[in-house]
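Contents: one structure, followed by commentary.
Protein chains: 2
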Amino acid sequence: MSRTADEPLSLGTIPVSPPTLADVAELAGVSRQTVSNAVNNPELLRADTLRRVQNAIADLGYSPNRAARNLRTRASHLVGMRFTPAQEGTANALMDRFVHSLVEASAEAGYHVLLFAGDPTDPVSGYDDLLRSTAVDAFVVTDTFLGNPQATWLELRRAPFVAFGRPWDTPESTHPWVDVDGAAGAALATDHLIEADHTKIAWVGWRKDSWIGEDRRSGWSRAMRSRGLVTSGLACRVEDAVASGREAAGRLLDESGPTGFVCASDTLAMGVLHALDERGLQPGRDVAVVGFDDSQVAQVVPGGLTSVRQPLEDVAVEVVRALAGLLATPPKMVPGVLLEPTLAVRGSSQRR
Amino acid sequence: MSRTADEPLSLGTIPVSPPTLADVAELAGVSRQTVSNAVNNPELLRADTLRRVQNAIADLGYSPNRAARNLRTRASHLVGMRFTPAQEGTANALMDRFVHSLVEASAEAGYHVLLFAGDPTDPVSGYDDLLRSTAVDAFVVTDTFLGNPQATWLELRRAPFVAFGRPWDTPESTHPWVDVDGAAGAALATDHLIEADHTKIAWVGWRKDSWIGEDRRSGWSRAMRSRGLVTSGLACRVEDAVASGREAAGRLLDESGPTGFVCASDTLAMGVLHALDERGLQPGRDVAVVGFDDSQVAQVVPGGLTSVRQPLEDVAVEVVRALAGLLATPPKMVPGVLLEPTLAVRGSSQRR
DNA sequence: ATCGTGAATTGGAACGATCCAGAGCCCGTG
DNA sequence: CACGGGCTCTGGATCGTTCCAATTCACGAT
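Top line first, the protein sequences correspond to chains A and B.
Residues in the first sequence are numbered consecutively from 17, following my numbering.
Residues in the second sequence are numbered consecutively from 17, following my numbering.
This is the structure in structure tokens:
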């Protein structure tokens, strides 16, 4: 052991300092570099040396010191992600599922996920600091509801990042992205209702400046038109809130009498359920409703809410794949990946 | 500048390496150590020197390299937390809110949150690695639904950590913890119903081996007894699932005819709503229901579900406070902190 | 003018890993 | 037997910061 008498020892609650490469090297009777190779490039060692070193590593319970490794290799093996919680009073809880999948996928690639907060009014805050202090190797950018200033900003600084969400507003972007085909999801939902003989199917969507909202809406209108069904007077765009969905649905019911609703979110779909509730209409039997995102709300609401489900686990895997490519030497740029959603069918779209 | 000709320069997509202390020192005409002091102990510098150094820092856009700092100070300023997502089909989404609050509170204390996954069957997996590689300074332990083997394990290794949840099963534990008074929450809910003239109030709770479940249950029974109301035949304990809640509520309604339900979770409360739905009973008007955790489901379900709300933002703040104490030199142990929940009153407990 | 004192500043060493160039060894070949 | 070359292994330098001890500076007191 290279430990000398005045180094910290176990004393009361003060823990011993963990073993270092040098400790392992001494125990195994080899040089530091050989131990390093045993850990990082085991194929370089002779079989018996490797075994000897591995035993020493096991005996001492050695793990490489992250800070030292990070300093030398100029990499942190950390991926930063700005974490914004779901708004109160909405049903949007994608993040929970996505973050977990991301953590798992990252772990397999040898990365950990570092969360940070940022000033809600400044989409770029928080990134700069982590970038300059080389605290993270790359970012995962979510929250591309309205455009994506973060992506533009990060691209400008040549910071490695992968976006969950297409660069709608900046087609010249060249960064990797992963997204779910919202139009396909809405079409899936619409087709599902058409197959159940609905013909008057309304769309309750988001404000027009939301790219994602317009994308999803296009799936509905495309599905309607391809079956020769009219869409005029059957669409409305409102804020993403239960109350907005309720009012919109009420208006549509009074004016156009649709028998089905496809919504841009579960939040809006819950609003539609409210409206039905008020009119004594039963979801599924009288009027069909489909939401978007397969939130917990959709899963546990009495009767169940049919909803478009994003394959977030796959999104995370693709994000990490792109990340790994980005950080490889030389970098392998992965082009944009578009994944298909599925439909979780529940009571709100089935005559029981 | 200390940069020499063969150091990396901006070349195509290859970014310049960020400025270092030495760069700043040269520009400001001082030594490295003085720059370091300007950053960490500005009060040591003469005012004009400080200004000069700060200008240089700003000019170069300098931020200390995290890895180097971590190596030297033997601290990562990272807090690890094992992230487990909410189960599908339940309404439990505490983590989303808590994680965000934790991220924010940590940031104020100069810490970042690192998430990691672990083998679901092994409550201790994941911790060891991060601990030995000194990747994190401390842990935040959640998930203390059934006992808390992580806490015991971490205590054994003298690893700094704070638990969200009391050490129910190991009263000899001395680690800091923060928790929410579940009994008080259940009592709050029960009193709320009693004040609305309910007398037969049922409890739908968790299996008996859940400490948290029994704690919450005790709040219900205490509130009932203190008003002289009977509890026998009015309680049941089931798995935390919508279907279980539905069955339990059905049985209770048929056998004891309660007019109010207090539940250990929003998931169970949703089950109760199902049962009412099946019987044509209207929540609020015919039977009152109160859930626990104020999930998104409670917020958006038609009519709204009254629910006990945990002050997760405050929990996070207390957790970080305890963490900061733990990591201070010398450590200041903060004793356990118990916070009071509130009641979010909605339609399911009010006659409209 | 000299000294003493505390404030301000400095240079070298260290944290623990990896990079890099070179040294030792083994073995077949000319 | 010398030589070349591939496989192992080694030792010094280095990443960028902070710790530590020492040095210099400013300035009032002697």
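Glycine included, each C-beta is placed from N, C-alpha and C at the ideal position.
All figures in this text were calculated on a predicted structure; none of them were measured in a lab.
Burial state of residue i (16 or more Cβ within 10 Å)
i        : result
Thr29/B  : For Thr29/B, the predicted structure reports a pLDDT of 41, less than 50, and the residue's modelled location is therefore unreliable. A value from the coordinates is still provided. Exposed is the call here.
Asn81/A  : buried
Arg362/A : buried
Leu27/B  : Note that Leu27/B scores 38 on pLDDT, short of 50, meaning its location in the model is unreliable and no value can be drawn from it.
Ser364/A : buried
Gly77/B  : exposed
Ala63/B  : exposed
Gly142/B : buried
Arg262/B : buried
Thr345/A : exposed
Met17/A  : With a pLDDT of only 36 at Met17/A, under 50, the local geometry of the prediction cannot be trusted, and no value is derived from it.
Gln326/A : buried
Asp195/B : buried
Asp75/A  : exposed
Glu334/B : buried
Met286/B : buried
Arg241/A : exposed
Asp213/B : exposed
Terminal residues of the alpha helix (DSSP H) in which residue i lies
i        : result
Arg238/A : Trp227 to Ser242
Ser117/B : Leu110 to Glu124
Arg148/A : Tyr143 to Arg148
Ala304/B : No alpha helix (DSSP H) holds Ala304/B; the beta strand (DSSP E) holding it covers Ala304 to Phe308.
Ala74/B  : Ala63 to Leu76
Ala340/A : Leu328 to Leu343
Arg88/B  : Arg82 to Thr89
Gly266/B : Val258 to Glu271
Range covered by the beta strand (DSSP E) that runs through residue i
i        : result
Trp219/A : Ile217 to Trp222
Trp193/A : Trp193 to Val196
Leu355/A : Val353 to Leu355
Ala179/A : Phe177 to Phe180
Bridge partner(s) assigned by DSSP for residue i
i        : result
Met98/A  : For clarity, residue 98/A is Arg in the given sequence; the question names Met instead. DSSP output for Arg98/A lists Phe132/A as bridge partner(s).
Ala251/B : Trp219/B
Ala360/A : Ser323/A
Ala154/A : Val95/A
Val278/A : Trp219/A and Val306/A
Pro299/A : Val303/A
Nearest-angstrom Cα separation, counted from residue j out to residue i
i        : j        : result
Gly448/A : Leu343/B : No answer is possible for residue 448/A: the residues shown for chain A start at 17 and end at 368.
Leu204/B : Gly134/A : 35 angstroms
Gly45/A  : Pro139/A : 53 angstroms
Phe155/B : Leu359/A : 38 angstroms
Gly276/A : Ser311/B : 28 angstroms
Asp153/B : Thr137/A : 31 angstroms
Arg367/A : Val220/A : 21 angstroms
Phe114/A : Asn71/B  : 42 angstroms
Arg174/A : Gly235/A : 34 angstroms
Gly352/A : Asp144/B : 37 angstroms
Glu23/B  : Arg85/A  : The pLDDT assigned to Glu23/B is 36, lower than 50, so where the model puts this residue is not dependable; a value taken from the coordinates is nonetheless given after this. The straight-line gap from Cα to Cα measures roughly 21 angstroms.
His191/B : Leu131/B : 21 angstroms
Arg301/B : Leu269/A : 26 angstroms
Asn53/B  : Val95/A  : 29 angstroms
Leu87/B  : Asp185/B : 37 angstroms
Ser79/B  : Glu42/B  : 15 angstroms
Met349/B : Val178/B : 10 angstroms
Thr150/A : Val288/B : 51 angstroms
Ala264/A : Asp293/A : 14 angstroms
Ala102/A : Val313/A : 13 angstroms
Among the options, nearest to residue i - alpha-carbon criterion
i        : options                                   : result
Pro357/A : Ser323/A, Arg62/A and Glu334/A            : Ser323/A
Thr158/B : Val350/B, Pro351/B, Leu328/B and Pro347/B : Leu328/B
Ser226/B : Leu131/B, Arg182/B, Arg62/B and Ser149/B  : Arg182/B
Asp231/A : Gly352/A, Glu188/A, Ala83/A and Ala280/A  : Ala280/A
Leu66/B  : Ser47/B, Pro351/B and Ile210/B            : Ser47/B
Gly320/A : Val331/A, Val55/A, Gln298/A and Ala332/A  : Gln298/A
Val336/B : Arg238/B, His290/B and Ala121/B           : Ala121/B
Val306/A : Thr36/A, Ile228/A, Val129/A and Leu284/A  : Leu284/A
Ala282/B : Glu271/B, Ser272/B, Phe308/B and Gly273/B : The sequence as given places Asp at residue 282/B; Ala does not occur at that position. Closest option to Asp282/B, Cα to Cα, is Phe308/B.
Glu104/A : Ile228/B, Ala340/B and Val316/B           : Val316/B
Ser92/A  : Leu146/A, Arg233/A, Gly296/A and Leu37/A  : Leu146/A
Ala199/B : Ile228/B, Glu271/B and Ala102/B           : Ile228/B
Val246/A : Val313/A, Thr206/A, Arg68/A and Pro187/A  : Thr206/A
Gly273/B : Leu110/B, Ala251/B and Ala239/B           : Ala251/B
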